[in-house]
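Here is the structure we will look at.
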Amino acid sequence: MKKQIELLRELEEFDSILKDFEKKEYQKLGFLTEPVSIEFVKMIEKEREKLRKKIDENLLKEYDRIKKHYGNKVVVQVIKGFCSGCYIKLPSEIIARCKNEIKTCPNCGRFLYHLI
């Protein structure tokens, strides 16, 4: 189960990179140069699709649903017993279980992970 959360976190990172490239402000800052950026974006998209194939189909559907609702902040860390997505105090059972299982926040529904 930990592997699936890691894959979801990687997918979230790819999605964040691709979203940044779409922003005009990002382009104005000079981060994109035409020949390299198009190839780089294509590589990111290809890797993102490979990654999506490794993730459980039900988790992927839930990920896409959460992403549509909240944007790029889909997989969030439990910090001192709080969900770092919505800042609600989590029940101790969920905190304990998210160390070994895939759990979601009972308030916002985001995927939770806990660094041990």
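Residue numbering for the sequence shown follows this note's numbering, starting at -9 and increasing by one per position.
Note that the Cβ used here is the ideal one computed from N, Cα and C, for glycine as well.
Using the Cβ count rule (16 or more neighbours within 10 Å means buried), how would you classify residue i?
| i | result |
| --- | --- |
| K93 | buried |
| I28 | exposed |
| G61 | exposed |
What distance in whole Å lies between the Cβ atoms of residue j and residue i, which are believed to be in contact at a cut-off of 8 Å?
| i | j | result |
| --- | --- | --- |
| I78 | H104 | Rounded, the Cβ-Cβ distance is 15 Å, inconsistent with contact. |
| R100 | V66 | 5 Å |
| Y53 | L102 | Actually they do not touch by this definition, with Cβ atoms about 13 Å apart. |
| L107 | C95 | The first residue shown for the chain is -9 and the last is 106, placing residue 107 beyond what the model contains. |
Kindly identify the DSSP beta-bridge partner or partners of residue i.
| i | result |
| --- | --- |
| V64 | The partner list for V64 (beta bridge, DSSP) is empty, contrary to what the question assumes. |
Let me know the secondary structure DSSP gives residue i once reduced to three states.
| i | result |
| --- | --- |
| L105 | coil |
Runs of alpha helix (DSSP H) lying entirely within the segment 67 to 103, each at least 4 residues, in chain order: 82 to 87
Start-end ranges of the alpha helix (DSSP H) lying completely within the segment 23 to 48, minimum 4 residues: 24 to 44
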